[in-house]
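Enquirer: Residue 117 is where the sequence shown starts when you use this note's numbering, and the numbers rise one by one after that.
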Amino acid sequence: MDLLACHEEVACASSPCASSGASFEFTTVAADDTADILDTLYRRESGSRSRPAADYLVRTQLHGMTSSWRAQVVDWMMSVAHTVEFEVTTVALAIHYLDMYLSVVSVRQTDLELIALVCLMTASKFNDTDGLTVAEVSHMIDDKYSAASVLAVERSLLLKLQWRLHAALPHHFIECFVAQLPQPDVAADVMSRCATMLAAVVRDITSLDFAPSEIAYTVLTLAMHELHVGASLPTYQGDSPRLVECEEVVEAIVGPSLKGGNDGTVSKRSKRASSPSNVEDFIDDNVDAPPRQRQRLGSV
């Protein structure tokens, strides 16, 4: 059976991790809860082993991994997550698990697909209401990998993570920051813009140089400026001088996509994300097709 077969109890009962919104939408956080949640998130991100190594391509990866490998696998993970209707925080958590794993284990390009799938499976079982099973992962890729292989990678992932499955993500900070805005009528637009920008930011490995709160606050600032929201920004409790450098990096990442149109939206990629090992049979060719419901399978 699956090693991680149930949800771990969330440390903070009102944590934004426990979201139940629709796929690729943020969770709405009650304004009265934000102070306690933010305090938990700031403490969590400051942990000595809470973040991946920003330089793991040089320090850890010995099999030729490049930033383009990571960008491709992140795109593919987002495509898979959209197809099976995962929440936005689930795929963000899966990407975090991937980076944490790659910070300590050197991998070959041919292994990335399986590792990425296991990260999605683990994140979905921890964070989503309908997590993937080992049987489903094998079925999704036409049994390219055996259940034993999936379980072996899951075991390796959990050991490397030391079973620390909680993470402070930029998305969690965004939810709290937006809840603190004095203009609740603009929250939906700000959230939507932040989600689009974060999707571009997390696929760029340079984002790992900054804490999740720094990424979140910078993205929120840029989104509000772009949408001409006049409300004052929430107070940032982290290392404020770092925000200047973070803003330069985030603007460099999202700038080219912002110039693609005058409506403030990132243009769609002309081609769907291919799998890390060029196995593309799971994702539909029609990028505009709505997410499909997966058929439930029994656990292995």
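In this text, a Cβ means the ideal position worked out from N, Cα and C, and glycines have one as well.
If you run the structure through DSSP and keep just helix, strand and coil, what is E291?
Expert: Three-state result, E291: helix.
Enquirer: Can you tell me the Cα-Cα spacing of A239 and V196, whole angstroms?
Expert: Their Cα atoms are separated by approximately 13 Å.
Enquirer: Any idea if A116 is buried or exposed, counting beta-carbon neighbours within 10 angstroms, 16 or more meaning buried?
Expert: In the structure displayed, the chain extends from 117 to 416; residue 116 sits before or after that span and is not available.
Enquirer: Is the segment 159-177 touching the segment 238-253 in the sense that three or more CB pairs, one from each, lie closer than 8 Å?
Expert: In short, these stretches do not touch, since the Cβ pair count stays below three.
Enquirer: From E342, H288, D258, pick the residue whose C-alpha is nearest to that of A151; which is it?
Expert: It is H288.
Enquirer: Please list the terminal residues of the continuous alpha helix (DSSP H) segment that includes A263.
Expert: Unbroken alpha helix (DSSP H) run through A263: 263-276.
Enquirer: Measuring alpha carbon to alpha carbon, tell me which of D155, L274, M256, G180 ends up nearest H212.
Expert: Answer by Cα proximity: L274.
Enquirer: What distance in whole Å lies between the Cβ atoms of M313 and V370, which are believed to be in contact at a cut-off of 8 Å?
Expert: Indeed, because the Cβ distance is near 5 Å, the residues count as touching under 8 Å.
Enquirer: Is the Cβ-Cβ distance between R319 and V190 less than 8 Å?
Expert: A contact, by the Cβ cut-off of 8 Å.
Enquirer: Three Cβ pairs or more, each shorter than 8 Å: is that satisfied between the segment 156-163 and the segment 321-332?
Expert: Verdict: yes, contact present.
Enquirer: Tell me which residue opens and which closes the alpha helix (DSSP H) that L338 is part of.
Expert: 328-342 is the span of the alpha helix (DSSP H), which, as asked, contains L338.
Enquirer: Nearest to N243 by CA position, among P350, S265, V207, is which residue?
Expert: Of the listed residues, the one whose Cα sits closest to N243 is V207.
Enquirer: Express the C-alpha separation of M307 and L214 in angstroms, rounding to a whole number.
Expert: So the two alpha carbons sit approximately 25 Å from each other.
Enquirer: By Cβ distance, which residues of its chain are closer than 6 Å to Q177, with the 5 residues on each side in sequence left out?
Expert: These residues qualify, in order along the chain: S222.
Enquirer: Straight-line CA distance for D258 to G354?
Expert: If I take the Cα positions, the gap works out to 46 Å.
Enquirer: If we ignore side chains and look at the alpha-carbon of each, how far apart do I231 and A347 end up?
Expert: Rounded to whole angstroms, I231 to A347 spans 42 Å at the Cα level.
Enquirer: Within a Cβ cutoff of 6 Å, which residues of the same chain sit near V302, ignoring the five residues on either side of it in sequence?
Expert: Correct list, in chain order: V345.
Enquirer: For G376, does the three-state DSSP call read helix, strand or coil?
Expert: In this predicted model, G376 has a pLDDT of only 46, less than 50, meaning its place in the structure is not dependable enough to derive any value.
Enquirer: I need the straight-line Cα distance from L154 to C292, nearest angstrom please.
Expert: Taking the straight line from one Cα to the other gives about 7 Å.
Enquirer: At which residues does the alpha helix (DSSP H) containing R260 begin and terminate?
Expert: The amino acid at residue 260 is misidentified as Arg; the sequence shows Lys. That residue, K260, is in no alpha helix (DSSP H); it is neither H nor E in DSSP.
Enquirer: For my contact list, E367 and L338 are in at a C-beta cut-off of 8 Å; report their separation, rounded to the angstrom.
Expert: The pair is a contact, with the Cβ atoms about 7 Å apart (cut-off 8 Å).
Enquirer: Just reading off the alpha helix (DSSP H) that A316 is part of, what are its end residues?
Expert: 303-318 is the span of the alpha helix (DSSP H), which, as asked, contains A316.
Enquirer: Mapping the DSSP letters down to three states, classify G346 as helix, strand or coil.
Expert: Looking at G346 - three-state DSSP - the assignment turns out to be coil, as it is neither helix nor strand.
Enquirer: In the structure shown, what three-state DSSP assignment does V250 receive?
Expert: V250: helix per DSSP, three-state reduction.
Enquirer: Do you know whose CA, among S265, A187, H282, lies nearest I321's CA?
Expert: Of S265, A187, H282, the residue nearest in Cα terms is A187.
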